[in-house]
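Enquirer: Offset between the sequence shown (1-based) and our numbering: plus 7.
Backbone N, C-alpha and C define an ideal beta-carbon position, used for all residues, glycine too.
Here the structure is a predicted model, which means the values were calculated and not measured.
Pasting in a structure now, in structure tokens, and then I'll have a few things to ask.
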Amino acid sequence: MNLTIHHSASEIGGNCIEIESGVHRLILDIGQPLDKEGETAREKKLPATLDISKPVDGLIISHPHLDHFGLLSQVPQDWHVWSGKATENIIRFNCEYSNQPLVREFRNFENKKPFIVGQFTVTPFLTDHSAFDAYMFLVEAEGKKLFYSGDFRMTGRKKYLVENIISRPHENIDALIIEGTNLGREDKKKYWDEERIEQEFINLIDSTKGRVFVTCSGQNIDRLVSIYKAAKKSGIPFIIDTYTAKVLSIVNKHCSSIPTADREEIKMLVSSRLHVKFDKMGDLVFIDNICDENKALSVKRLNIRKGKSVILIRDSMVSDFQKNGFHLSPDDAWCWSMWSDYQKKDSSRQITEWFASAGIKPQSIHTSGHASRSELHQLCDSINAAKNIIIHSDADDSIRREFKNPIIAINGETINI
Ligand SMILES: [Zn+2]
Ligand SMILES: [Zn+2]
8 MNLTIHHSAS EIGGNCIEIE SGVHRLILDI GQPLDKEGET AREKKLPATL DISKPVDGLI
68 ISHPHLDHFG LLSQVPQDWH VWSGKATENI IRFNCEYSNQ PLVREFRNFE NKKPFIVGQF
128 TVTPFLTDHS AFDAYMFLVE AEGKKLFYSG DFRMTGRKKY LVENIISRPH ENIDALIIEG
188 TNLGREDKKK YWDEERIEQE FINLIDSTKG RVFVTCSGQN IDRLVSIYKA AKKSGIPFII
248 DTYTAKVLSI VNKHCSSIPT ADREEIKMLV SSRLHVKFDK MGDLVFIDNI CDENKALSVK
308 RLNIRKGKSV ILIRDSMVSD FQKNGFHLSP DDAWCWSMWS DYQKKDSSRQ ITEWFASAGI
368 KPQSIHTSGH ASRSELHQLC DSINAAKNII IHSDADDSIR REFKNPIIAI NGETINI
């Protein structure tokens, strides 16, 4: 069995891994590379070493983050694409939302149910990550076993899934491909769990006289649940934008405990930009179904609304707020609930300046979507593979060599397993 990391051997994101057994080929993830600021790179180009002229038995997508599926439109139509059903639905919505509808069939796997792709038997294991429906995989062929961690963490609401894998590890693994995002960033991090995040939001709501604005990813379901619970426990409404409401409704079909915009404690902000967007997608019915007088708020109505609330806001929404003369008060708070480096990007300048103009400084309540160094070692030690290959990381080789049986992969170079 041969393994080639086409991309992500020495950088974070843009995963593209090939496993070869005779003439059979399996691809794990087809991610869009990230630039230095953690944004997806503008250029959508497959790794030069990935041969798309020869057949591939299957392409498996581990989770619906662009750095794992973003180059999907570039691969041949006859490659069979596999993912979890929720992952497929989230990817489809995101492609439509960015005006690039996906014309491709998916095959779906289910947690812990092995499936056959050509020569390979693949078993998916649901994991804990900041993306919903994320998986690790056991891949077997020629009597060899390879384990791929995908992206994972141990601080989310599904941390028990990773704890289970660590306490009952698969045996006789020939190679472990493990993500190492935080290996190069370790010293800056706090590893709060989502319960602590929820409590921090409760504290922020308590100590704020006005409204609490929160900037977070509309796809980080664990975080949205933490904020929702904090608002609910504080007895104030959680006001979400239409994009986030749609993502929650997609995810709720796979996990009914995920709150959606029709819950009493949630209100939906329909900005004019998102109204136009949903109209273009032919999905105004989503807004119409949720909307009633008290449920749906325009920016103008939100502006005159009295009382405390938690309001989601992202940089793309600020123009709408400004155009509609929305007034911030110095009593309001603003919380940045994403990786802190994202706030340094040019695209975050408008939101930062807008809050600064009202004398509001950003506060941070966040925890990483990826495992800490000690958690990475825990997984590595328990699986005890003959070869450990750290990818999705910009850490120095010396840090990689602290792991047992390390193999330092180079993009495009083949490793025999
Ligand atoms: Zn990733
Ligand atoms: Zn991810």
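1) So H75 and N22 are in contact, right, with Cβ under 8 Å, and what is the actual spacing, rounded?
2) Quick one: grab the DSSP three-state call for V124.
3) Below 8 Å on the Cβ atoms is my guess for F139 versus A93; work out the distance and round it to an integer in Å.
4) Is there contact between the segment 245-261 and the segment 333-346, where contact requires at least three CB pairs shorter than 8 Å?
5) Which residues mark the beginning and the end of the beta strand (DSSP E) in which S174 is found?
6) Which residues does DSSP pair with A303 in a beta bridge?
7) Thinking C-beta only, is S137 closer than 8 Å to N227?
8) How many Å lie between S278 and I311 at the Cα?
9) Is there at least one non-hydrogen atom of ligand 1 closer than 7 Å to the beta-carbon of G289?
10) Please report the distance separating the alpha-carbon of S323 from that of T251.
11) Evaluate Y167 with the Cβ neighbour count: other Cβ atoms within 10 Å of its Cβ, from every protein chain shown; 16 or more gives buried, anything less gives exposed.
12) Taking 7 Å as the cut-off, is the C-beta of H70 nearer than that to any heavy atom in ligand 4?
13) Taking C-alpha atoms, which residue in D200, E207, F208 and S256 lies nearest to G225?
14) Under 8 Å, Cβ to Cβ, is there at least one residue of chain D near G366?
15) Locate the alpha helix (DSSP H) running through Y250, then write down its first and last residues.
16) Return the bridge partner residues of T184 from the DSSP annotation.
17) State the start and end residues of the unbroken beta strand (DSSP E) segment that holds E27.
18) DSSP state of H384, grouped into three classes?
19) Mind checking which residues open and close the alpha helix (DSSP H) that includes V88?
20) I need the straight-line Cα distance from F293 to K253, nearest angstrom please.
21) Any chance the segment 232-244 sits against the segment 313-322, with 3 or more Cβ pairs inside 8 Å?
22) From what residue to what residue does the alpha helix (DSSP H) around H70 run?
23) Give me the residue from L78, I59 and I273 with the minimum Cα distance to D85.
24) Output the boundary residues of the alpha helix (DSSP H) element that contains L57.
25) From the DSSP output, which residues share a beta bridge with A340?
26) Could you tell me whether the Cβ atoms of L183 and A392 are closer together than 8 Å?
27) Closer than 7 Å to a non-hydrogen atom of ligand 2 - does that hold for the CB of I348?
28) Whole angstroms is fine: what's the gap from T222's alpha carbon to K330's?
29) Give the DSSP bridge partners of I246, in chain order.
Expert: The structure says:
1) 5 Å
2) strand
3) 6 Å
4) no
5) No beta strand (DSSP E) contains S174, which is instead part of the alpha helix (DSSP H) from K166 to S174.
6) M275
7) Contact annotation: N227 and S137 have beta-carbon atoms nearer than 8 Å.
8) Spanning the two alpha carbons is a distance of roughly 15 Å.
9) no
10) 13 Å
11) exposed
12) Ligands in the displayed structure: ligand 1 and ligand 2; ligand 4 is not one of them.
13) S256
14) Absent from the structure: chain D. Only one protein chain is present.
15) T249 to N259
16) One detail in the question is off: residue 184 reads as Ile in this sequence, not Thr. BP columns for I184 point to Y155 and I396.
17) Its beta strand (DSSP E) spans residues C23 to S28.
18) helix
19) Careful: V88 lies outside any alpha helix (DSSP H), inside the beta strand (DSSP E) at V88 to S90.
20) 8 Å
21) Between the segment 232-244 and the segment 313-322, the count of C-beta pairs closer than 8 Å reaches three or more; the two stretches touch.
22) Element bounds for H70: n/a, residue is neither H nor E.
23) I59
24) It is not in any alpha helix (DSSP H) - L57 carries neither H nor E in the DSSP assignment.
25) V219
26) yes
27) The question names Ile, but residue 348 in the sequence shown is Asp. No - ligand 2 has no heavy atom lying nearer than 7 Å to the Cβ of D348.
28) Rounded to the nearest angstrom, the two C-alpha atoms are 19 Å apart.
29) K274 and I318
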